[in-house]
Structures are given as C-alpha cells and as structure tokens.
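Enquirer: Before we start, here is the structure in question, set down as structure tokens.
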Amino acid sequence: MSELMAHAERILDGARGDEQIEVYLSQGVDTEIQAYQGEVENLSSASSSGIGVRVLRDGAGGARVGTAWAGSLDESAIIDALKQARDNAHFATEDEFVAFAQPDGVAGVQLELCDASVLSTPMDEKIAMALQLERMVRQGDPRIRQVDAANYSDFVAEAAIVSSKGIRASYERSGAFVSVEAIATDGQTDQTGWGLSAGRAPHELDLEVAARDALSRATRMLGAVKPASMKGTAVFDPRSTATLLSIIGGALSGEAVVYGRSFFANRIGEDVASPLFTLLDDPTDPRHFAASVYDGEGLACRRNVLIRDGRLEGFVYDTVSARRAGTVSTGSAVRGGIAGSPSAGCRALQLAAGEFDQAEIFRRVGNGIFVESLTGVHSGVNPISGDFSVGITGLMIRDGELAEPVREITVASTLQRMLLDVLYVGNDVEWLPGSAAGQSLAISGVAVSGS
Amino acid sequence: MSETLVAQDVVERVLGEAMSRGGEFAEVFVEDRMTTSAMLDQRRVEELSSGRDRGAGIRVVVGETTGFAHTADLSEQGLVSAARAAAAVAREGGGGVREIALGSLREYPSKAVIAPDSVDKAKKIELLRYADDMARSQGSSITQVQVALGDSMRHFLVANSEGVFATDHQVRTRFNISCVATGDAGMQTGYRPVAGTRGFELLTMEAIEEAARGAAHQAITKLDARPAPSGDLPVVLAGGSGGILFHEACGHGLEADAILKNASVYAGKVGQQVASPLVTLVDDGTVTGEWGYLAIDDEGQPGARNVLIENGVLTDYMWDHLRARKSSRASSGNGRRQSYQYLPMVRMTNTYLLEGDADADEIVAQTPRGVYVAQLGGGQVNTATGDFVFGMTAAFLIEDGKITAPLRDCNLIGNGPEILQRVDAVASDFSMTPGTCGKDGQSVPVGTGQATMRLTGVTIGGTAA
Numbered sequence: 001m002s003e004l005m006a007h008a009e010r011i012l013d014g015a016r017g018d019e020q021i022e023v024y025l026s027q028g029v030d031t032e033i034q035a036y037q038g039e040v041e042n043l044s045s046a047s048s049s050g051i052g053v054r055v056l057r058d059g060a061g062g063a064r065v066g067t068a069w070a071g072s073l074d075e076s077a078i079i080d081a082l083k084q085a086r087d088n089a090h091f092a093t094e095d096e097f098v099a100f101a102q103p104d105g106v107a108g109v110q111l112e113l114c115d116a117s118v119l120s121t122p123m124d125e126k127i128a129m130a131l132q133l134e135r136m137v138r139q140g141d142p143r144i145r146q147v148d149a150a151n152y153s154d155f156v157a158e159a160a161i162v163s164s165k166g167i168r169a170s171y172e173r174s175g176a177f178v179s180v181e182a183i184a185t186d187g188q189t190d191q192t193g194w195g196l197s198a199g200r201a202p203h204e205l206d207l208e209v210a211a212r213d214a215l216s217r218a219t220r221m222l223g224a225v226k227p228a229s230m231k232g233t234a235v236f237d238p239r240s241t242a243t244l245l246s247i248i249g250g251a252l253s254g255e256a257v258v259y260g261r262s263f264f265a266n267r268i269g270e271d272v273a274s275p276l277f278t279l280l281d282d283p284t285d286p287r288h289f290a291a292s293v294y295d296g297e298g299l300a301c302r303r304n305v306l307i308r309d310g311r312l313e314g315f316v317y318d319t320v321s322a323r324r325a326g327t328v329s330t331g332s333a334v335r336g337g338i339a340g341s342p343s344a345g346c347r348a349l350q351l352a353a354g355e356f357d358q359a360e361i362f363r364r365v366g367n368g369i370f371v372e373s374l375t376g377v378h379s380g381v382n383p384i385s386g387d388f389s390v391g392i393t394g395l396m397i398r399d400g401e402l403a404e405p406v407r408e409i410t411v412a413s414t415l416q417r418m419l420l421d422v423l424y425v426g427n428d429v430e431w432l433p434g435s436a437a438g439q440s441l442a443i444s445g446v447a448v449s450g451s
Numbered sequence: 452m453s454e455t456l457v458a459q460d461v462v463e464r465v466l467g468e469a470m471s472r473g474g475e476f477a478e479v480f481v482e483d484r485m486t487t488s489a490m491l492d493q494r495r496v497e498e499l500s501s502g503r504d505r506g507a508g509i510r511v512v513v514g515e516t517t518g519f520a521h522t523a524d525l526s527e528q529g530l531v532s533a534a535r536a537a538a539a540v541a542r543e544g545g546g547g548v549r550e551i552a553l554g555s556l557r558e559y560p561s562k563a564v565i566a567p568d569s570v571d572k573a574k575k576i577e578l579l580r581y582a583d584d585m586a587r588s589q590g591s592s593i594t595q596v597q598v599a600l601g602d603s604m605r606h607f608l609v610a611n612s613e614g615v616f617a618t619d620h621q622v623r624t625r626f627n628i629s630c631v632a633t634g635d636a637g638m639q640t641g642y643r644p645v646a647g648t649r650g651f652e653l654l655t656m657e658a659i660e661e662a663a664r665g666a667a668h669q670a671i672t673k674l675d676a677r678p679a680p681s682g683d684l685p686v687v688l689a690g691g692s693g694g695i696l697f698h699e700a701c702g703h704g705l706e707a708d709a710i711l712k713n714a715s716v717y718a719g720k721v722g723q724q725v726a727s728p729l730v731t732l733v734d735d736g737t738v739t740g741e742w743g744y745l746a747i748d749d750e751g752q753p754g755a756r757n758v759l760i761e762n763g764v765l766t767d768y769m770w771d772h773l774r775a776r777k778s779s780r781a782s783s784g785n786g787r788r789q790s791y792q793y794l795p796m797v798r799m800t801n802t803y804l805l806e807g808d809a810d811a812d813e814i815v816a817q818t819p820r821g822v823y824v825a826q827l828g829g830g831q832v833n834t835a836t837g838d839f840v841f842g843m844t845a846a847f848l849i850e851d852g853k854i855t856a857p858l859r860d861c862n863l864i865g866n867g868p869e870i871l872q873r874v875d876a877v878a879s880d881f882s883m884t885p886g887t888c889g890k891d892g893q894s895v896p897v898g899t900g901q902a903t904m905r906l907t908g909v910t911i912g913g914t915a916a
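Chain order of the listed sequences is Z and R.
Take 1 as the starting number for the first sequence in the numbering used here and just add one per residue.
Take 452 as the starting number for the second sequence in the numbering used here and just add one per residue.
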C-alpha cells in the first residue's frame, strides 16, 4: 500500500458515527522549461500536495454533503479541512439522490501510466530538448521571424481516494510535453502556428513532429485572405475535431442530461448523427493521454459507447447523476483537482476510425474549407441549445487539393445539424492531450462568414 | 488578519540564500488565501466548499533566465530549500550568501467593510434562495436557475532583493446567476455577474435583484431569437457590454511581454495613430472596488492608472518588474500571478475606453441596419496577428435605426488594429463589467468598461443570409 493511501486511511479513521467521509489526496512534482532565443527563459521545478474532503450526513429527506480542501498535507490543514467540510454539510439541502460511490465489483483495468524515467532524466537533458526545439523552429524556415516560446514540461503525480463506503483507489501517472509557437512573416503580415508532442516520459517525445507542425502551420497561413461568405463543406483537422468531440462529450454528460442542459436529453435510441459516427469514451485505452484506472470517485474506469452508427446509446454518469437518472455510475466521475467535487464527464473520447486518409477526403469533398484551428469555442458554442459559431483559420479546398489560406472567418451551424451532416470520418487518428483523440472529419452544410 | 506570514529576518535570510549563487534579482512571494463558494442549483444547495492555500513562490533572475520554485512549506527550512532550487539556474555564479536588509514593511489593509469570513453561512444561502425566487418570478418559461456565490481573502507578502517589502489583503466577492428559459423552439440561456474587490457589502438586495431579473429576461427574450446574420455589419455595443472587445482586441497586444518578444502587432508603434481619434484606452488598477482593483500588484508595485492609447495615438504599454527592468524603466503596476504557484507576468487590471459625448439612443437611431450587442461573452485573441473572436450572448438586430429582433448566440470575429480604426461614435453612458482573464494557463480577475459605441463593420458569424 502506498504511503499516500495509508495517510488517507488514517484520516478516514477520524469519521464520526453519524457521517461518511471521502478523502482525496494528491501529491506530485513538476518541471517547466521555456526556451527563448537560444537561452533558458524560465526554469521552474515544484512539488505540491493537497487534500479534498467531503463529509456526508444522512437525514430524513436524504443526504447532505459539505466540501473543503487545502493545498497542503500538514496535520493542521487536514484537521481544518475536515472541520470546515463538516460545518458546510449543515447548510446543504437534503437530497435523496446524493450519495458517495459504492464499490461495484468492477475491477480496474491495470494500465502502466507512470514512467519513472521522468524523474531520473537529468534536468540538463530536459533543458537541451527545449533549446533544441526552439532552434529547430527558428532555423527551420527563412520566413520564421520569431519563436514565441518553446516549452518542455513534465510531471509525476500520485493520488488516493478512500471513503467510508469502502472505496480504496490509488494511482500514479506521469506526462511529458513539448510545445512551440512560431511566428512567420511574408514582410507584410504575420501568421502563427504551434506544434506539440506528448508522452508519458521525455523519451517518447518527438521534437521533429512538434517543430514540423509549428513550421508548416505558420508558413502555409502566410498571405491568408478573408474569403467571401458561403455555405459548404468543412474538413476539420484532427486537433479541431478533438475540440469538437470534447464539446459534444460535454453534452453527453449524464449530469447535463438529467438537468435538461443537453440537446441530447430524452433522445436515447434516436439517430442523432450520420451512420458513419461512432463515439466512445474509453479511459482504459492506454493510447489516450487521459487514460486512467480509476475515475474521480475511485470506481474503475470502463469503456462506454455513447453513439453507435449514429444512434444515441448512452451517457456517462457519476454516482449522483446516475441515481437521479435511475441508473448506475458508468465510472465516469471527473474532478478538477483537490478543489473540485466529482461530476460526470468524458475523459477519453474517440471516434471510430473511418475509411479514408486526409488527402482522400479532400479529393472526395472537392471544394470546401479545411479548418486548422478553432477560436472562441467557449463563447461560441452553446451545449444547451446546440448553437455553434466559432472563429477559424485554415485553407480553401479546391478541386480536391489544398488551395489559398484563409483567416478572420467563422463557421456556424448547430451541433445537432453538424452531427447529422458528417460526410467522412478519417482514418488518421491522432492521440492528443486533453479529453479526446482526433482525426479528420468532413461536415457539410456549414455557414462560412467572411466578407 | 494582520499577522505576519513570514518574519522579516527569515525573509531576509531566504532572499540572501536565493542570491547566493550569483543571482541578479530575487523575490519571495508568500500567500495565504481562504476561499468559500456556494452554489444553488435546481433549488438545492448543492455545494458549500471552503478552501485554503498557503505557500511561497521564489524566483531568481540570472541574465536572461528566471529560476522558479514554490513550496507549501513556510518554515525557514522549507523556504530556504525552495530558494536553493530557484537559484540552481545560476550555474557558475557564487560569492556565498548575500546580506539582504529590508526596510519597514509597507502594509495595505483591505478596504472591505464586511469581511466574508464574518458572514454567517446561512445568510449566504438565504441570498442564493432570494436570487432564485426572484429569477423564477420573472416568467413561467424560466425552467432552471443556477446561482453561485464565492469570496476570497488573499493575504500576501512580497519582498525582493531591491528592497521591496510589502503586504496586501485583497478581499473579493462574486455572485453570478444563470437562467434557462424553455420555449417551443428549445432552450435559451441568460447570465449576469456581480463581482468586486469588496466584502459582502457588495451583495445588496438591489444588486442581487437586478442581476436575477436581468438574467431571467435575457433568457426569456432569446426564446424568440432568430439566427444571427452572416457577414460584415455595423455593430453598436451597449455601455458596459463590450469592454472585453478592447481587452482582447488591443489590451493583450499592449502587454510588454508580447512587445519585447516582438510578438504583438503593436510592437514599435508608440507615438503612432493606431486607432480612431475617439479611442482613449486606459488600464487602471486604482478603481477602488472594481474587480480588477489592486492596492499593489503581485510584485509589490502600487496599482496605477496608465493611459495606453490617447485620442487614437499609442502612448505606452503595460509593464511588470522583469520586462520593465529589461527596458530600464519603471513597472506600471501590471505584474500579476494567479497564485504563489505561478510566475508573475504582465496582466491587465481594469481596462476601459473613456466615454465620449454622443448620445446612446442617437447612435442607434443613426444606424440603418446593424447589430446591437447588449452583452458579450468570452473572447480570445492571437496577439501576433491581432485576430480575435468574442461571443455575443445578448444581441438584437437594428433595422431602420430601431432595435428589433433578438438574435441567437454567435461569435463576432475581427482584427484588433482594424477594429480600432472603425470606432465612429462613443456615447457617455459608461459602465464596467467584471470578468476573468486567462493567459498562459493563469486566471486573474479583471474589469472592462466602455460607453455605448459603434463600430462601422464587424464580421458576424451567424447562419442567416
């Protein structure tokens, strides 16, 4: 048993007879390096730890929960957090659906998510990677006039979740990332492009991929124009598709659904998307960066099919949203660190791969717009109404080939419409950091606003 | 509240340690923040949460490099080991522990009248329920209401090798309400925030009532919304609705970190006409009580009123300590950090456009066709190209000089330098809005403000012809 787990269990021993306690402990170390013009600009190394505690009290009309957290594992911080959580529980409304997760017998799929070489790799090697990446991009093309920042970062984290209900979960994970943003110029205007590479340890990173992506994205946008408004087909690149999927995933949260805050509510069994569209949330697939053995309540993560061949099959639930919906948790509780309470959410979305590669999709689409980046996603997409309007940059597709770059335009439709209008799903799956993998995705009938 | 976070002699020794390997500048930032939040959803108090974060961030600057480490261990030993980790960037330097002597501590007491931790939790819940009732009473189409209240008491101490030694108590309170209205054509949403660098006195019954009514009416009005147009149209921004446009469209591009890296469209343009003569843009940390107010920034520099653009001419950028030091000038009081776990960088405080002398109603009356924006949501900008987007969360069509049909949510898109030239009328009904600004993974509270104004053309990202 890990030290952290033992610590969590000791805190649990303090539970009083009339209450249940859930303790979430985490600790980790992280490194961040930024290179700029051949020098290290920032070098940061830190360790952090914290506790999130929830206290539940049963009453005549249901249970009440109080929450507290502290950014430390000091004895006094823990005692104070427990005291605050107890006090906060008095003010919650009794709710028959509120409960802590109950162990459900589903065994966690054992995954190797922590690579100890993150810790054993010398700092000098990590610094060298950031410097090399910066140099590769700066010298990669004469049109690059600036590399805004080349970053290396990594972390190793450990967490334990225990509760009076018998939950005992602990896990370790690590990650390493490089990213770079390039500014290219044609003498008149500038364009930017960024690239990244991610893995569980430094040796998995591919600087070449990150540099090439930043270079090609920045340089091929040079000379971008604002096209005329039109209606047509948009081909989203894997990164943009991953963003789209994570928005759709938000509307597939059981919590959004039971509260009627999702355009998918009451539509189980309906054809909500093109038959080409099969979407699953599978944190047990180790290729996902967000893969996890346990969810945010300490239940085993599992593979959940959400949309199969266009038909809506299910939602993801945590314990409370599942009880409200009259079902059981799908092992899909997510929580935003020590300060966050569990809620239902997708963490490893993946679209079943289609038949074609990107070039073939361009050929089949013939004429349209290739979307390389999305902006204003938070302000421009309403997961309740489904209204969708985002800023994009990309390139026109003409006669099946990429043509001139375009900028300062928006693409608009509704999420409902877009799902049904999926024309092609690519076979070019990219595993990206975040809650979704991505691949090329062609959607017809979108409104493009330009001049 | 006035307890010292770390004793002066300890701070001096830690700074000495941080400078011992040849550092040119060192800083210790110690923070103790207590926060509470409460949320009412579907008429239930879903969550009352309390949190506390204490720790210190230490940075050491050597040449072009900054070393940084943070720790939750505020003992002298903990601080010294963080100082050593931060100082490790200085590879060959030496000279042993440096003697640092700080003068007396500059103290900035909070101006909050009612400290959040003195307010009974039951009283906060009562306020949430009141807001919920008020919103629901606006119409039977209101089917969901979410109300949240949060406050934070942030006590920090900052000391550096150049003699800065100051402590501030920042108290912030925020309230927001979201409503969903359900009609034949689906659901629509309404939202209102109330937030200030103030204590619980911010949340008067009147303020709560106004927010609840506003959010409910916004959702109800949008039930009749039609798809927004697609293409370039004149846009009238209601007073207080559109400050975020200037925050995004030019504020970020005027931050000295982007300028020094030549990663901003505004680099090298001081003294040049960059905007319509109607535009005077100010960043002002001194507006007491506003969400972006600060007595001192997170580097100990007093908040200041900085004119960035005057009558369309670019006058200055915003500066933090590091960027100012590189350019041999003074910081403008814009060095901010999300918490002790982050390095400070150049950030805005309250950014606003000075009012003009036009009449708000006249501006609308003189717009034959366009879009009237009553509220903007979030936005985003690429500082290197100036391209930005922001969401309209309450907007109407202007037809024949009159505000007519409500429009469905959509984004606007434009280019900062271009949009600044397109301001052709500014009224005198100035007001401010609180917001959260995100940059490089750090969030800080900011205010934005403007009076009713018109832009001659902005691309509207709707679906209607």
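No residue lacks a Cβ here, since even glycine has one placed at the ideal position from N, Cα and C.
This structure is a prediction, so every number in the text was calculated from the model and none was measured.
Going by alpha carbons, who is nearest to Met883(R) out of Arg510(R), Gly693(R) and Thr914(R)?
Expert: Gly693(R)
Enquirer: Any beta carbon of chain R sitting closer than 8 angstroms to that of Gly376(Z)?
Expert: yes
Enquirer: Look at the alpha carbon of Asn866(R) and the alpha carbon of Gly837(R), and state the distance between them as a whole number of angstroms.
Expert: 5 angstroms
Enquirer: Whole-angstrom Cβ separation of Asp318(Z) and Glu297(Z), contact assumed at under 8 angstroms?
Expert: 6 angstroms
Enquirer: Taking 8 angstroms as the CB-CB limit, is Ala251(Z) close to chain R?
Expert: Answer no: the Cβ-Cβ gap between Ala251(Z) and chain R never drops below 8 angstroms.
Enquirer: Can you list the residues of chain Z that Ile576(R) reaches, using a CB-CB cut of under 7 angstroms?
Expert: Among the residues of chain Z, those whose CB is under 7 angstroms from the CB of Ile576(R) are Phe91, following chain order.
Enquirer: Going straight from the alpha carbon of Ala689(R) to that of Arg873(R), what length do you get?
Expert: 16 angstroms
Enquirer: State yes or no: is the beta carbon of Cys630(R) nearer than 8 angstroms to at least one beta carbon in chain Z?
Expert: False, the Cβ-Cβ gap to chain Z never drops below 8 angstroms.
Enquirer: What did DSSP end up calling Ser2(Z) once you bin it into helix, strand or coil?
Expert: coil
Enquirer: Is the shortest distance between the beta-carbon of Gln493(R) and the beta-carbons of chain B less than 8 angstroms?
Expert: The question asks about chain B, but that chain is absent: this structure's protein chains are Z and R.
Enquirer: For the alpha helix (DSSP H) containing Glu19(Z), name the first residue and the last one.
Expert: Counting along the chain, Glu19(Z) falls outside any alpha helix (DSSP H), and DSSP gives it neither H nor E.
Enquirer: Val422(Z) CB to nearest chain R CB: under 8 angstroms?
Expert: no
Enquirer: Just verifying my parser: in three-state terms, what is the DSSP assignment at His378(Z)?
Expert: helix
Enquirer: Buried or exposed: which applies to Pro819(R), given that a residue is buried once 16 or more other Cβ atoms fall within 10 Å of its Cβ?
Expert: Counting every other CB atom within 10 Å of its CB across the protein chains shown gives Pro819(R) a total below 16, marking it as exposed.
Enquirer: Please name the residue or residues paired with Gln639(R) in a DSSP beta bridge.
Expert: Ala632(R)
Enquirer: Measuring straight from C-alpha to C-alpha, what distance separates Met585(R) and Gln901(R)?
Expert: 28 angstroms
Enquirer: Is there at least one Cβ from chain R nearer than 8 angstroms to Ser413(Z)'s Cβ?
Expert: Look at Ser413(Z): its C-beta is under 8 angstroms from a C-beta on chain R.
Enquirer: With DSSP as the reference, please indicate the residues paired to Cys861(R) in a beta bridge.
Expert: Met843(R)
Enquirer: Quick one: grab the DSSP three-state call for Cys301(Z).
Expert: coil
Enquirer: Where do the ends of the beta strand (DSSP E) carrying Glu527(R) lie?
Expert: DSSP places Glu527(R) outside any beta strand (DSSP E); the residue lies instead in the alpha helix (DSSP H), whose first and last residues are Glu527 to Ala538.
Enquirer: Could you check whether the Cβ of Met638(R) sits closer than 8 angstroms to any Cβ belonging to chain Z?
Expert: yes
Enquirer: Give the secondary structure of Pro896(R) by DSSP, where H, G and I count as helix, E and B as strand, and everything else as coil.
Expert: Correct three-state label for Pro896(R): strand.
Enquirer: Helix, strand or coil: how does DSSP classify Gly912(R) here?
Expert: When DSSP states are grouped into helix, strand and coil, Gly912(R) belongs to the strand group.
Enquirer: Since Ala507(R) and Val481(R) should fall inside the 8 angstroms C-beta cutoff, what is the C-beta to C-beta distance between them, to a whole number of angstroms?
Expert: 4 angstroms
Enquirer: To the nearest angstrom, how far is it from the Cα of Asp452(Z) to the Cα of His698(R)?
Expert: The structure shown does not extend to residue 452(Z), since chain Z is modelled only from 1 through 451, so no value can be given for it.
Enquirer: Under three-state DSSP, which class holds Tyr791(R)?
Expert: coil
Enquirer: Near Trp69(Z), what residues of its chain come up, given a Cβ to Cβ distance below 8 angstroms and the 5 sequence neighbours on each side ignored?
Expert: Gly50, Ile51, Gly52, Val53, Ala81, Ile338 and Ala339.
Enquirer: Of all Cβ atoms in chain R, is any one closer than 8 angstroms to the Cβ of Trp194(Z)?
Expert: no
Enquirer: I'd like to know whether the C-beta of Glu41(Z) is nearer than 8 angstroms to at least one C-beta of chain R.
Expert: Yes, Glu41(Z) counts as interfacial toward chain R.
Enquirer: Note down the Cα distance separating Ile659(R) from Asn627(R), rounded to an integer number of angstroms.
Expert: 9 angstroms
Enquirer: Tell me the rounded alpha-carbon separation between Leu395(Z) and Ser373(Z).
Expert: 10 angstroms
Enquirer: Is DSSP giving Ser453(R) helix, strand or coil here?
Expert: The pLDDT assigned to Ser453(R) is 49, lower than 50, so where the model puts this residue is not dependable, and the model offers no usable value.
Enquirer: Opposite Lys853(R) in the DSSP bridges: which residues?
Expert: Glu850(R)
Enquirer: Where does Thr243(Z) sit, in a helix, a strand or coil, going by DSSP?
Expert: helix
Enquirer: Can you give me, in chain order, the residues of the stretch 125-154 of chain Z that have a beta carbon less than 7 angstroms from any beta carbon in chain R?
Expert: So the list reads Gln146 and Asp148, given in the order they occur along the chain.
Enquirer: Whose C-beta lies closer than 7 angstroms to the C-beta of Ala718(R) among residues of the same chain, with five residues either side of it excluded?
Expert: Ile710
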